[in-house]
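Residue numbers (the working numbering), protein chains in the order written: chain A, 30 to 371; chain F, 30 to 371. Below is one structure; the comments refer to it alone.
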DNA sequence: ATTAATAATGGTAGCGCTAACATTTCGCTA
DNA sequence: TAGCGAAATGTTAGCGCTACCATTATTAAT
């Protein structure tokens, strides 16, 4: 009889483990592990026996234990500014398609365009030992920048091109702003107002404005900016149109920071019987589907959002697997989509 | 000298662990653990010392190890049919807002409306020992139904009301279909065509059709169904309008399965100069913002999507924490939003 | 001052898995 | 059929943390 020293109890979730599967199959635990992780190194007959045992005992794999033991979680931390913006959803779809195919699990969070929140999220996610991190944009607060730089797993900064910590997949926002400004000038527009929502937070809209202004000023024009403090939604765009018509009677075109604002303005114009582009021309950015279904169709710049996600994922996976990359920076470009609105 | 038996090497990620923090702070590892998990049971002076040590050694918490040891991951598995549909994004936003506040991390995946894929995802997620699972809808394939039923963590089935495995937060889809059908009948419409996209996959659209048909047949009318095999997007709605006008010349209204289709049709009508609702009335489902910005505004049924997410999260958390719930089923209801389109 | 209660902290033993190394078995050649 | 290299399988020792129980410090009560 064992003496009074009773064995300690441990909360038993009492799910079968590979040890039980191993006994059932008459093999060792590591062989079960191999069937799960690298089935081709196990002889087919053995594998079959193990697989039968897995079914028989109703084994459910414990990824937490595996990740801990192998020091590799197959988690990808993904941080975007907002989940309400379809643009980021498409990026996530692109990331997801590739990561899922390769057996990685995305950990998703949104910053609400707040860099301090971003930092907090990065810290939290690091606790899960992600295999890589995908963050939106190149601007981070000081602490966040330091953490990301010191991180030894791959980091992808997406959407925006420039000096990145590690991988970089995105487009040239100032150039997109220039592109649209040049187009509008080319169509003979003068007094073009740039309208954005919360430029301080959505600073990429600010980068596009910088490009826009550069072109306008080069042609000797002012580049008025209307920075709204509401969120960038339809309603905001509608109100912005009214304000521009009231405050800038000479304006012949509005360059909106995104298609949500532009579409809101366009639909509002329609309701109010304001002629677009005759009374005022309207241009957007992103190339959302809705823009091509309104009348007049929206003139905008189409960004390859899904592609950004897919490419970023591909490159991150390559980096994780130790494959060399031709280039750390990928310019996905953009396309001027000409509708009738401007 | 130790004999030839050399000590084995283990891959060293060489990140500081609580053991190093403990030495630095002159306490035991468990005290460091307590500072991280239940700071109020540690004396403030000790806590301060530990926190300083954490900063000094640059400790990053390893959640994987913690989850394994405590058999509690604080992961919530969330499975939705699609990430391209803004409806589910809003649900996710609702879930996220509540889960994040309570320190839970969402693991997200989409089924593409495929029940076999859903089953696969459930299996995969179970490997992460989630604290709970949130799945969309009440229909699952046999294996999935069994797995979910046998699962001992909380399961929330959302969007749809009915016989659920555990928690249930959603709305009554047949009743929503009836509601709109009654409204359309009340407006004097006859020959109302129900248009959906892939009813077999988006079976909740089918449930609404069932309600719709019930009301129409009760008033002695046929309830033609046009089931499109494209995805439910603007373009599909536009094409559907053409088909209805061609194939159902007597139709006076179209009851679309969702706002994407309805909006697509509405914008198409506008482009083509088809008068809505005079030539044909259009109704939708979901109450997306865009519907209230087009002219005529869309008559639709507004579903409280964000609220479904938030409530589901609240109830799941209550269940995880062992708090009793008044009711396992929550009907979030819906609202008829009357525009000028029908 | 002494005791009893409580608060704070610590020691030990895993959680379930896999890396590293060790051993056995197999397939093939001579 | 022995012998050899490769393939398959096994043994051991953690991964970094927390549950459990034990112990020590502190406070409250007499």
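Glycine residues also receive a C-beta, built at the ideal position from the N, C-alpha and C atoms.
Enclosing alpha helix (DSSP H) for residue i [first to last residue]
| i | result |
| --- | --- |
| residue 241 of chain A | 232-247 |
| residue 75 of chain A | 73-86 |
| residue 60 of chain F | 58-66 |
| residue 95 of chain A | 92-99 |
| residue 307 of chain F | That residue, residue 307 of chain F, is in no alpha helix (DSSP H); it is neither H nor E in DSSP. |
| residue 50 of chain A | 47-54 |
Residue i (DSSP reduced to helix, strand or coil)
| i | result |
| --- | --- |
| residue 193 of chain A | coil |
| residue 168 of chain F | coil |
| residue 376 of chain F | Chain F is shown only over 30 to 371; residue 376 of chain F falls outside these bounds and no answer can be derived. |
| residue 264 of chain F | helix |
| residue 200 of chain F | strand |
| residue 185 of chain F | strand |
| residue 258 of chain A | coil |
| residue 315 of chain F | strand |
| residue 364 of chain F | strand |
| residue 153 of chain A | helix |
| residue 352 of chain F | coil |
| residue 275 of chain A | helix |
| residue 103 of chain F | coil |
| residue 323 of chain A | coil |
| residue 372 of chain A | Shown here, chain A extends from 30 to 371; a query on residue 372 of chain A therefore has no answer. |
| residue 162 of chain F | strand |
| residue 178 of chain A | helix |
| residue 217 of chain F | coil |
| residue 43 of chain F | coil |
| residue 147 of chain A | helix |
| residue 269 of chain A | helix |
| residue 205 of chain A | helix |
| residue 210 of chain A | helix |
| residue 229 of chain A | coil |
| residue 32 of chain A | Caution applies to residue 32 of chain A, whose pLDDT of 30 falls short of 50 and renders its modelled position unreliable; the model cannot decide the point. |
Residue range of the unbroken beta strand (DSSP E) whose run includes residue i
| i | result |
| --- | --- |
| residue 223 of chain A | 221-226 |
| residue 346 of chain F | Segment 334-349 is the alpha helix (DSSP H) holding residue 346 of chain F; no beta strand (DSSP E) there. |
| residue 284 of chain A | 282-285 |
| residue 296 of chain A | Not the beta strand (DSSP E): residue 296 of chain A falls in the alpha helix (DSSP H), residues 288-301. |
| residue 310 of chain F | 310-312 |
| residue 328 of chain F | No beta strand (DSSP E) contains residue 328 of chain F, which DSSP labels as neither H nor E. |
For residue i: DSSP bridge partner residues
| i | result |
| --- | --- |
| residue 358 of chain A | A:197 |
With 8 Å as the C-beta to C-beta threshold (strictly closer), list the residues of the region 78-95 of chain A near chain F in chain order.
89, 90, 91, 92, 93, 94
At what residue ranges does the region 105-144 of chain F contain a whole run of the beta strand (DSSP E), taking only runs of 3 or more?
134-139
Using a Cβ cut-off of 7 Å, which residues of the region 303-324 of chain A contact any Cβ in chain F, in chain order?
318, 319, 322, 323, 324
Give, in chain order, every residue of the region 115-130 of chain F whose Cβ lies closer than 9 Å to some Cβ of chain A.
115, 118, 119, 121, 122, 125, 129
Pull out every residue of the region 287-300 of chain F whose Cβ sits closer than 9 Å to any Cβ of chain A, in chain order.
292, 293, 296, 297, 299, 300
Residues of the region 142-164 of chain F whose Cβ lies closer than 7 Å to any Cβ of chain A, in chain order:
155, 156, 157, 158
Quick one, which residues of the region 230-250 of chain A are near chain F if we go by CB-CB under 7 Å, in chain order?
none
Closer than 8 Å, Cβ to Cβ, to anything on chain A: give me those residues from the region 95-108 of chain F, in chain order.
96, 97, 100, 102
Name, going along the chain, the residues of the region 323-348 of chain A whose beta-carbon falls closer than 7 Å to a beta-carbon of chain F.
323, 324
Using Cβ-Cβ distances below 8 Å, what residues of the region 251-268 of chain F are close to chain A?
262, 263, 264, 267
For the region 165-180 of chain A, enumerate the residues whose C-beta is nearer than 7 Å to any C-beta of chain F, in chain order.
none
Closer than 8 Å between beta carbons: that is the criterion. Which residues of the region 198-228 of chain F meet it against chain A?
none
Closer than 8 Å between beta carbons: that is the criterion. Which residues of the region 359-370 of chain A meet it against chain F?
none
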